[in-house]
Structures are given as C-alpha cells and as structure tokens.
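First residue of the sequence shown: 1, per full-length UniProt numbering; consecutive thereafter. Glycine included, every Cβ here is placed at the ideal spot set by N, Cα and C. Remember, predicted model here, so these are calculated numbers, not experimental data. Heads up, the thing below is written out as structure tokens.
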Amino acid sequence: MYAITIPEPGGPEALQWAEVPDPVPGDGEVLVEVAASAVNRADLLQRQGFYNPPPGASPYPGLECSGRITALGPGVSGWAVGDEVCALLAGGGYAEQVAVPAGQLLPVPEGVDLVAAAALPEVVCTVWSNVFMVAHLRPGETLLVHGGASGIGTMAVQLAKAIGAKVAVTAGGKEKLERCAELGADILIDYREQDFVEEIKAATDGAGADVILDIMGAKYLDRNVNALAVNGRLAIIGLQGGVKGELNLNTLLGKRAAITATSLRARPLGEKAAIVAAVREHVWPLIGAGRIKPVVDRTLPMSEAAAAHRVLEESGHVGKVLLTR
1 MYAITIPEPG GPEALQWAEV PDPVPGDGEV LVEVAASAVN RADLLQRQGF
51 YNPPPGASPY PGLECSGRIT ALGPGVSGWA VGDEVCALLA GGGYAEQVAV
101 PAGQLLPVPE GVDLVAAAAL PEVVCTVWSN VFMVAHLRPG ETLLVHGGAS
151 GIGTMAVQLA KAIGAKVAVT AGGKEKLERC AELGADILID YREQDFVEEI
201 KAATDGAGAD VILDIMGAKY LDRNVNALAV NGRLAIIGLQ GGVKGELNLN
251 TLLGKRAAIT ATSLRARPLG EKAAIVAAVR EHVWPLIGAG RIKPVVDRTL
301 PMSEAAAAHR VLEESGHVGK VLLTR
C-alpha cells in the first residue's frame, strides 16, 4: 500500500507519499480500507519530531479515519467485512489501509457521508472525554472554549449547546467568530483585541466560566484560573502556548477549582474503548438527529498532505481539514 511517511523530521515537505508494507490485523483488530483521514495539530508535531507514536502504533501520521472494513482479525465480533466505519487511531490514518482495535471503531453516523465521517472520531472523543467525562459540564453552566473555530472548538460548541450549556469562544477575527456564532456560541471574544478574562466576567455577571477547554497551556494558565467561576474546572488539552507557566495557587484554592490535563493518543486500549463507547451512546444519536454535524473546512488528496499541514500552520481554517484517497 501507499502511506505518508516521514523519512526525516522537518517542515511540511518532510511528508512523503511512499510504498510501504500492508498492515495485518492482529488479535482484536480489523483492517480498514481508508476513504479519508483528518489533519490534527498532533500530526504537525509528529512531522517535526516532537510527538512520536506510542509503542506498537503505526509510524505513519493520522489519528482518525473513515473507510470500509476489509478483514477481521482473530477474536473480533460485532463487525463485518464491508461495514462503513470511522475510527480513533494511535497513528496510521494517512494511508490506504490501517489496522484498528475493534474497540476504537464507530459506525458512520446516520446522515453523514463516508468522507465527512473522518472529521469526527478525534474531536468528538477529545471533547466528550474532557468536557463531559472529566469536567462534568452540566446544563445551565458556562463553557469557555479557546480556539472556538478549530476542529476541537467547533465540536465543543455544538456539544455544549446540545446539552443546554452557555458557550463562550475565543477566536482570531470577525469571520471565525461569526462561524462560531452560527454553531451556537453565545459569547464571542476576539483574542487579538479583547481580554478574555474581562469578557467572560462581564458576560456572566462577574461569575466566570464553569468549565474552560484550553489548547494553549502555559501562556493562558494564570488567566484561565482567573477566568474560572467558583468550583470551576480547567481542562488543558494542548500546549500551543508553552509547557511551563506560573500559577497563583491561592486563587485556585479560593475558587475551590480544579485543573486537569489529558492526552488521548497514548491512553491504554481499554480507556480508549470506554471513551468510544460513551461517544457512541451519547453523541451518535445527536449526530443522527442532525443536532451536531462535522465541520469540514476543505478536503485535499492524501498525497498532498504537505499542503494540508500548511493550511493548519497558517490557522486560517474553520473546522477540520480532510485528506481523501
């Protein structure tokens, strides 16, 4: 088969479409013929040599895909050859085929085409596990999403609105904020011109956000805690703003607040399977009912993955960038 390989870490030009050995499904795995994959920030880090796949995972980038099952490994039940699926991956999505643990498979949701389904697994599992399973966002609470126009952000807005929460977003520029508003965001904050702490306090009568979903890390750490409400929860899922920051613990203590930091890729198979099962139970019916949809900025041929990486690096996109076979 062909896959995107990274012979040497570097810029987008480091991505090479090359012939590689076919994957073979092991115990509890299925083989998926890939229809589409999606580009995530983690893929950019892997390309640069900063985020290697966990042991035993495919060496090729790509943390999600959609496609059709072409073979079942030993011990797999509940799936059949020919099923249309999308999948959460530890790697290998930028390829013609990928072996996937059966616990990380999802059926293509009703009303979503096979290619667009590739935009769902990583963002839905990330948002559901962090905002709902860990931070326990509840109806009537306020969620602040940093990077509201990103793939993660556009899904977080929709899911939070679907459960009856109030949603604030930060994004850069009027166009991105308007797209967030179309998805249901209530409070629009242009981080280039506005202080998100002041804006979220003003919009909540001084209370602050009950839950914050953060992709920035160190750069926003102190301000995020200041923006939290009493009993607030800060969920850190990205480090685009650095890895080391200072925090006034007295502020955190006074608010009886909590900070969590999680990643999805390296979790044990059982944990991933539990998240995928929860997503199938709680989110897939919302997608089938048309209340939530994948947001796709554009699609590019998989062999042009370098161009897709440049799109993400320029940060002009809204939603997901997909790679198609």
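Check                                                                                                : Outcome
Residues near G245 by beta carbon distance below 6 Å, same chain, minus five either side             : A218 and L221
E84: first and last residue of the uninterrupted beta strand (DSSP E) it sits in                     : E84 to L88
Length of the line joining the Cα atoms of L44 and A38                                               : 12 Å
DSSP three-state assignment for L44, whether helix, strand or coil                                   : helix
Buried or exposed by the 16-neighbour rule on C-beta atoms within 10 Å, applied to R47               : buried
Residue closest to N231, alpha-carbon to alpha-carbon, out of W128, L72, C125 and L137               : L137
Exposure of V243, with buried meaning 16 or more beta-carbon neighbours within 10 Å                  : exposed
Cβ neighbours of V100 in the same chain (closer than 7 Å, five flanking residues each side left out) : E29, V30, V32, A87 and L89
Residues near L72 by beta carbon distance below 6 Å, same chain, minus five either side              : V30
Whole-Å CB distance - A95 paired with I215, under 8 Å assumed                                        : Not really, about 27 Å apart at Cβ, beyond 8 Å.
Contact under 8 Å by Cβ, P294 with T324                                                              : no
Counted within 10 angstroms of its Cβ, other Cβ atoms place N224 as buried (16 or more) or exposed   : buried
Beta carbon of L15 nearer than 8 Å to that of A305                                                   : yes
Residue(s) in a DSSP beta bridge with Q97                                                            : E33
Beta-bridge partners of T142, as assigned by DSSP                                                    : K166
Residues near L239 in its chain [Cβ-Cβ closer than 6 Å; skip 5 each side]                            : G217
Burial state of G67, where buried means 16 or more other Cβ atoms lie within 10 Å                    : buried
Close beta carbons around I292, own chain, < 8 Å, minus the five adjacent residues each side         : M155, Q158, L159, A162, V283 and L286
Residue interval of the alpha helix (DSSP H) (run including T251)                                    : L249 to K255
N- and C-terminal bounds of the alpha helix (DSSP H) containing I287                                 : W284 to G288
Contact under 8 Å by Cβ, C125 with V296                                                              : no
Inter-residue Cα distance where the pair is A119 and I237                                            : 18 Å
For R233 and A168, the rounded distance between their alpha carbons                                  : 15 Å
Endpoints, beta strand (DSSP E) assigned at L19                                                      : It should be pointed out that residue 19 corresponds to Glu in this sequence rather than to Leu. E19 -> beta strand (DSSP E) spans Q16 to E19.
Collapsed DSSP secondary structure at V123 in the structure displayed                                : helix
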